[in-house]
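A short worksheet on the structure shown next.
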DNA sequence: GTTTTCGCCGCAAACGTTTGCGCCGACATC
DNA sequence: GATGTCGGCGCAAACGTTTGCGGCGAAAAC
């Protein structure tokens, strides 16, 4: 119990009005140099820290808080992304409200509400799917929103995406170059933009190579480890099993490796493997994992920068950034 | 621009005073059943959501926001921990303000300030070291704080720790059982409680086995990957190199594996390896990694629960929880 | 000498809540 | 019939800011 130290306390000690104090803090209005100096000194003496809550209540926006809603922070991809957002926020003296919605639409909606109730300055999120009424409501309410990773089926809002199609294309194409003809694909959810696009990339590579698009070699997972395991096991139990696997996210890749180990198959001799998204241990794995590395940190950084730009110029036309993933060929393929 | 819908709007539509509305929301004061029903109906019609900012401004605490300050969300340990905190928070209708301080005392201080300015209900954090004046200031100001993972050199505040000494002891003891006599240790920072305790555990195991405590086999890292790499390289380049390595966190373990690979050493034949803290790929690694698994998620969960308990009964004596780590013997040792 | 201009600053309202206090009517008590 | 009790509700202050407006004194313009 020692910190109260509000504007009025400072004003009292400095023998000026609270308006003067407020204005010296925000550099708004005309206050003489000497008065400013004096007020600043008193603030230092008292260790005054403005109350962000009161500030937000009064001013609505411009109040140094932004919201980040992601599926799951335990996914290294989103951890990197979150870190990118936070670093930019920190540089701009912003704090970040972080929420995990766990691929659950209700939870996403709940957290969107929280963001509005907290009157954050803006929200960064990968929408749970391309038509997302909850997100739309928020956008219509005037809240700045930028989509990252996944996006909405409408170009009118800021977004930063990763070229999923290209990444998947490169991965599968690489497998084809290595001589594989039967390539098993573990895709993401069919109703997510990333899932659809990565699958499209696979198809494109196969078509281009004149390969038949064998629907029996495609499985749809939920981006979680367990589905990777079971779907890979499924694929590898086929009468004519694939000689290579393309797994379209990191957690499912771990699951696929489980399945491969369980069958005592050797990578890459008996089954080659390319995963989407890098992992901390991937480079030192045995064999080192060939992956499509997504610039997750950069995506977060760019999204935050886009958001700050919009806060500065609200009328700016919506921009769409697309970042390039990178195929890192190691030894699992 | 559509939702304003404040208390006064609801009151106007329901033809009651704002006090009545507020009281039906919070179930405080005496309001007749019928009036409550009526008010609730109007709230539903308007889609009213209470403004958390105003609420926090007015009431100071009890306002559904808590702060979590961690070194780095990119570390899977802290990601799990954060998730544990968030899940409990979600169940209690709380949101989480997340910050990464990057082992930087200034940044920690900055974020502690932010937390106070945001008047969060409480703060969960691993203090940067055992005497942490910044954290002390916050505690003295009356803000509920619970330490997790690391702790302060004072028993008077809530804490949940993991038995680091025990974990390290088990790991090194296991190595000794396997016949190793020269065990290289990559420790954490000497001034962090986790670093000190893990090292103490090592020592205890070695003493108990009657092994000489060879200072030349101990290196102090900073819990980051690169230091793991260079220190392991250092250790393995010794005239009489260790036959086993104990690395006291996950990121440094990855670095150590890099170094081992660079030297083309085989695990565990030429050098055995036990890491502190599990990793997503550890179980499917080749060879699967022997690690001390920390219950990170549980630690976060417990910390949050402790915090909620304190919010409910502020006078409750400080409790100290210690969770047990688990040695998972796989094949790298 | 009177009026205008202008730089500097204070007053007070507003943001959306919570809450102590007090009012009013109904019913019980004497 | 006068007094006390009590349930149900409203009034208004407070939380710490920002900001439109207006005041005041001094310098400038006439």
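Residue numbers (the numbering used here), protein chains in the order written: chain A, 80 to 412; chain B, 80 to 412. Idealized CB from N, CA, C, for every residue including glycine.
Going by DSSP, residue 228 of chain A is part of the beta strand (DSSP E) stretching over 224 to 228.
DSSP places residue 257 of chain B outside both helix and strand once states are collapsed to three, so it counts as coil. As the crow flies, the alpha-carbon of residue 85 of chain B is around 14 Å from that of residue 192 of chain A. The bridge partners DSSP lists for residue 372 of chain A are A:405. The Cβ atoms of residue 203 of chain B and residue 360 of chain B do not sit closer than 8 Å to each other.
Taking a Cβ-Cβ threshold of 7 Å, the residues of chain B close to residue 192 of chain A are 128, in chain order. Here the segment 321 to 339 of chain B makes contact with the segment 292 to 305 of chain B; the two share three or more CB pairs at distances below 8 Å. By the 16-neighbour rule on beta-carbons within 10 angstroms, residue 105 of chain B is exposed.
Listed along chain B, the residues sitting closer than 9 Å to residue 165 of chain A by beta-carbon distance are 152, 177, 178, 179. Judged by pairs of C-beta atoms under 8 Å, the segment 147 to 154 of chain B touches the segment 165 to 182 of chain B, as three or more such pairs exist.
Against chain A, a Cβ distance below 8 Å from residue 112 of chain B picks out nothing, because the smallest value is about 27 Å. Here residue 382 of chain B has 203, 225, 227, 239 as same chain residues with Cβ atoms under 6 Å from its own Cβ, once five neighbours each way along the sequence are excluded.
Residue contact check for residue 301 of chain B against chain A: no CB pair falls below 8 Å. For residue 305 of chain A, the nearest beta carbon of chain B is not closer than 8 Å to its own beta carbon.
Three or more beta-carbon pairs separated by less than 8 Å link the segment 313 to 323 of chain A to the segment 253 to 264 of chain A, which places the two stretches in contact.
For the segment 183 to 209 of chain A, the set of residues with a beta-carbon nearer than 9 Å to any beta-carbon of chain B comprises 186, 189, 190, 192, 193, 194, 195, 196, 197, 198, in chain order.
In this structure, the CA atom of residue 378 of chain A is about 32 Å from the CA atom of residue 367 of chain B. Here the segment 242 to 249 of chain A lies against the segment 391 to 409 of chain A, with 3 or more beta-carbon pairs under 8 Å apart. When DSSP states are grouped into helix, strand and coil, residue 142 of chain B belongs to the coil group. Bounds of the alpha helix (DSSP H) holding residue 190 of chain A are 184 to 196.
About 7 Å separates the beta carbon of residue 376 of chain A from that of residue 160 of chain A, a gap short enough to meet the 8 Å contact definition. Taking CB atoms only, residue 359 of chain A has a neighbour in chain B less than 8 Å away. Beta-bridge partners of residue 178 of chain A (DSSP): A:148.
Ranking B:287, B:396, B:277, B:345 by CA distance to the CA of residue 355 of chain B puts B:277 first. With its beta carbon at least 8 Å from every one in chain B, residue 171 of chain A lies outside the interface. Residue 264 of chain A has A:297, A:325 as its beta-bridge partners, per DSSP.
In this structure the segment 110 to 120 of chain B touches the segment 85 to 102 of chain B; the number of beta carbon pairs closer than 8 Å is three or more. At a Cβ-Cβ threshold of 8 Å, residue 339 of chain B and residue 307 of chain B do not count as neighbours. Closer than 7 Å at the C-beta level to chain B, one finds these residues of the segment 328 to 341 of chain A: 333, 336, 337, 340. Relative to the Cα of residue 178 of chain B, the nearest Cα in the group A:291, A:169, A:197 belongs to A:169.
Residue 196 of chain A is positioned such that its CB atom lies closer than 8 Å to that of residue 129 of chain B.
Sorting B:343, B:313, B:297, B:316 by C-alpha distance to the C-alpha of residue 327 of chain B places B:297 at the top.
In the DSSP assignment, residue 201 of chain A falls within the beta strand (DSSP E) that extends over 201 to 204. According to the DSSP assignment, residue 354 of chain B belongs to the beta strand (DSSP E) that extends over 351 to 355. Under the three-state reduction of DSSP output, residue 240 of chain B falls in the strand class.
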